[in-house]
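Enquirer: Using the working numbering, the first residue of the sequence shown is number 5, and each one after it goes up by one.
Got a structure for you, questions after.
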Amino acid sequence: MHPRHSRPLVNDIHSALNATRVALIRQPRSIADIRNIIMEAARQDLPVAVCGGRHAMGGQQFAADAVLLDMRKMRRVLAFDAAAGLIEAEAGIEWPELIGYLDSSSVQDGQRWSIRQKQTGADRLSLGACLAANIHGRGLRMRPFIGDVEAFTLVDAEGQVKHCN
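Below is the structure:
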């Protein structure tokens with residue numbers, strides 16, 4: 005372990021009110037990477053915190069002395085069904101990228117897809133963080149985000165991959 009003062013210092017990118025020293029930062033590029041990081045943290049008896057855009061209204065994106073699982077390298081669109089309007093994307097994709105992908109997608113029968121709402125007035129926040137911390141949504145007259153989620157993949161604390169729907 006590194007001395008506490010030499011550990012990475014992370015902070016909320018919008019408020020800058022959550023300066024936290026973490027044990028280390030890992031940026032997975034695949035589900036296999038996530039599993040390996042979680043299992044290695046368990047072997048070292050370290051907690052794991054997950055962040056995307058490094059902003060959460062409640063400050064829950066960091067944990068002191070934890071392995072920070074930074075999802076920003078996992079930002080690909082994996083599948084898009086333009087007829088049904090269903091998109092599968094990695095957790096680190098941010099709203100502008102998702103909207104840009106939908107905007108540049110081929111139009112079928114004049115139908116274009118976009119988003120109904122995002123979790124806050126800030127833009128550079130990840131889809132995975134929305135699912136994890138802001139699933140209630142923002143629009144007072146709109147159903148919560150979870151109403152727009154058909155399924156997601158979760159890696160649990162033991163490194164097991166769960167397909168949730």
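Ideal Cβ placement from N, Cα and C applies to all residues, glycine included.
Please read all numbers here as calculations on a predicted model, not as lab measurements.
Contact between the region 50 to 60 and the region 111 to 121 is defined here as three or more beta-carbon pairs at a separation below 8 Å; is this criterion met?
Expert: No, the region 50 to 60 is not in contact with the region 111 to 121.
Enquirer: Does the region 29 to 46 come into contact with the region 81 to 90, if we say contact requires no fewer than three beta-carbon pairs (one atom in each stretch) closer than 8 Å?
Expert: Short answer: they don't touch.
Enquirer: In the DSSP assignment, what are the bridge partners of residue 144?
Expert: In the DSSP output, where bridge partners are listed per residue, residue 144 has none listed.
Enquirer: Looking only at C-alpha atoms, which of 135, 98, 145 sits nearest to residue 168?
Expert: Measuring from the Cα of residue 168, the nearest candidate turns out to be 135.
Enquirer: Entirely within the region 71 to 119 and at least 4 residues each: give me those alpha helix (DSSP H) ranges in chain order.
Expert: Fully enclosed alpha helix (DSSP H) runs of 4 or longer: 99 to 108.
Enquirer: With DSSP collapsed to three states, give me the class of residue 19.
Expert: Reduced to three states, the DSSP call for residue 19 is coil.
Enquirer: If the criterion is Cβ atoms closer than 8 Å, does the pair residue 155 and residue 131 meet it?
Expert: Not a contact, by the Cβ cut-off of 8 Å.
Enquirer: Give the DSSP-derived three-state secondary structure of residue 139 in the structure shown.
Expert: Here residue 139 sits in coil by DSSP.
Enquirer: Under DSSP, the beta strand (DSSP E) around residue 53 begins and ends at which residues?
Expert: Here the beta strand (DSSP E) through residue 53 covers 52 to 55.
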